[in-house]
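A.B. asks: This is the structure I want to talk about, given as structure tokens.
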Amino acid sequence: MNGTVKEYTAAIIGGGAAGMLAALTLAEAGVGEILLLERNERLGRKLSATGNGQGNVTNTDMGVHRYFTSEPDKVAGVLSAFGQEQLLRRLTELGGYFTADAEGRVYPASRQASSVTDILRFALAARSVDVRLGAYVSRAEKKGTSFCISTKDGEYRGRFLLIAAGGQASPHFGSDGNGYALARAFGHTVTALSPALVQLKTERGPIRGLKGIRCDCGLTLFGKEKFFCRGDVIFTDYGVSGNAVFRASSRARAGDVLSLDFLPDCPAEELAALLSAKAARCAARPSEDLLRCIVNSAAARAILRSLRISPETDCGALAGRAGEIAARVKDLRLRVEGSMGFENAQVTKGGVPLSEVDDFLMSKKEAGLFFAGEILDVDGECGGYNLQWAFSSGVRCAERIAELCNEDR
Ligand SMILES: Cc1cc2nc3c(=O)[nH]c(=O)nc-3n(C[C@H](O)[C@H](O)[C@H](O)COP(=O)(O)OP(=O)(O)OC[C@H]3O[C@@H](n4cnc5c(N)ncnc54)[C@H](O)[C@@H]3O)c2cc1C
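Okay, here's the thing in structure tokens:
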């Protein structure tokens, strides 16, 4: 624009988990003149909404097997350089205290995701990182030896550029997929994108009457590969939600089949014997009493309906069908019709391919350009893995930029 445009050492697009920790890491490494551009009026809006507002920042069971990516070795390298322990140490140094639940999910003891954003925000202010809010980056390009970054309020320059603009999931938090266009402008490609960690639409018939019910289920997805997990399934008017469904959603496609086991702790034979004895003992009671105190009553009605057993049937008449009923309790099938889309998803599957960046996540197409967080083609399971990736990859880029700055000195 004009000769007075300030040149920063590093400019970062996106003040989410990846961008914030990258900026802080750069500052702590002694890199001066750091610019963090965030389109929202607040930093870390998505981070503040994570884990149902409680902020599940990582998981004690950390490893590359928790991630979907075409380059697991690269992801493993990033996680081993800055993993769960390093993240917790860093967040603790910033003033937080973190605890894990029985499933290894790590939360701030405050159980407030926004408090994690706050400690990062305060540290950025203390380190004099130049944070510009309401700064939507519409264009970024390389001119000579520096990157030119355009916002509606003006142009910035940076010797290094980190794009940490997130993916496309839950766009109301600011990451609406525009980061991919910024990447494409540098010659990068973007793999096919789809919503992950998202509620699933299923056929409604078998779960009619279950809306609002939450059950602890064993869930098997019969898709490209068979996948099993255990956890909450919440029934809705479009299909199913809950943590078990979120875990399966990253692998589910329309046409796949979900099998729900409403009594995962009891083998089918044991349940059949129990139902057979109960049918004889409660012979005059209506059919739904056969499953009372064994599965949720609404689920019991759905299971019996799926076997065309009417509510008027007596338990006594079902003694000979105990095995069949037990089998259905442990295997109620639903056809997947799709997902609730990017609007409702927690993460994006796909992104800038890891084959287009080096081990330090620097672009192979444009020297000095880096990518971190969800914009890359890496997505994790439910349970703190996606924030860990965002933080780890942000730190990886920042440490490399700091090294390159040192080499130049
Ligand atoms: C409801 C919800 C709950 C979640 N819960 C968890 C959880 O408990 N644990 C977990 O591990 N993961 C969770 N996730 C996923 C996790 O939040 C994300 O994977 C992670 O925040 C991605 O970090 P990021 O920094 O890459 O991107 P983001 O957090 O999306 O940050 C990118 C930032 O860039 C800004 N931006 C985008 N484009 C521009 C532009 N052109 N100019 C300037 N700024 C721009 C955006 O406004 C945004 O602030 C959850 C996600 C959602 C939606």
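Numbering (the working numbering), first residue to last: 401 to 809. Even glycine gets a Cβ: it sits at the ideal position worked out from N, Cα and C.
Just list the beta strand (DSSP E) runs in the stretch 649-732, keeping only unbroken ones of 3 residues or longer that don't cross its boundaries, in chain order.
C.D. replies: 657-661
A.B. asks: So which of A423, K678 and D777 has the shortest CA-CA distance to R527?
C.D. replies: A423
A.B. asks: Roughly how many angstroms separate the alpha carbons of R442 and F662, rounded to a whole number?
C.D. replies: 43 angstroms
A.B. asks: Comparing C-alpha positions only, which one of T404, P595, E485 and S641 sits nearest to C615?
C.D. replies: S641
A.B. asks: Please determine whether the Cβ atom of E438 lies at a distance below 6 angstroms from any heavy atom of ligand 1.
C.D. replies: yes
A.B. asks: Apart from the five residues just before and just after L437, which ones in its own chain have a Cβ nearer than 6 angstroms to its Cβ?
C.D. replies: I413, R532, A535 and V537
A.B. asks: Going by Cα to Cα distance, which pick from N452, A722 and E799 is closest to A672?
C.D. replies: With distances taken between Cα atoms, A672 lies closest to A722.
A.B. asks: Any chance you could list the beta strand (DSSP E) runs of at least 3 consecutive residues sitting entirely within the stretch 551-624, in chain order?
C.D. replies: 554-563, 594-596, 600-602 and 614-622
A.B. asks: Determine the burial state of Y497: buried for a count of at least 16 other Cβ atoms within 10 Å of its Cβ, exposed for fewer.
C.D. replies: Sixteen is the threshold: since fewer than 16 other Cβ atoms of the shown chains lie within 10 Å of the Cβ of Y497, the residue is exposed.
A.B. asks: Quick check: L524 and A798, are their CB atoms within less than 7 angstroms of each other?
C.D. replies: no
A.B. asks: Applying the 10 Å Cβ sphere with the 16-neighbour rule, what's the burial state of D656?
C.D. replies: buried
A.B. asks: For Y408, which residues from the same chain have a beta carbon less than 6 angstroms from its beta carbon, with the 5 sequence-adjacent residues on both sides left out?
C.D. replies: E433, L435 and G558
A.B. asks: When you compare the CB positions of A700 and E688, do they come within less than 7 angstroms of one another, or not?
C.D. replies: yes
A.B. asks: What do you reckon, is the C-beta of A652 under 6 angstroms from a heavy atom of ligand 1?
C.D. replies: no
A.B. asks: Taking 7 angstroms as the limit between beta carbons, can you name the residues of its chain near T713, skipping five residues before and five after?
C.D. replies: S687
A.B. asks: Whole angstroms are fine: how far does the CA of F646 sit from the CA of R692?
C.D. replies: 28 angstroms
A.B. asks: CA-CA distance, I634 and F791?
C.D. replies: 30 angstroms
A.B. asks: So does V747 have its beta carbon nearer than 6 angstroms to some heavy atom of ligand 1?
C.D. replies: Inclusion of V747 in the 6 angstroms shell around ligand 1 follows from its C-beta lying nearer than that to a non-hydrogen atom of the ligand.
A.B. asks: Going by beta carbon distance, what residues of the same chain come within less than 6 angstroms of L487, once the five residues before and after it are set aside?
C.D. replies: Around L487: T458 and F791.
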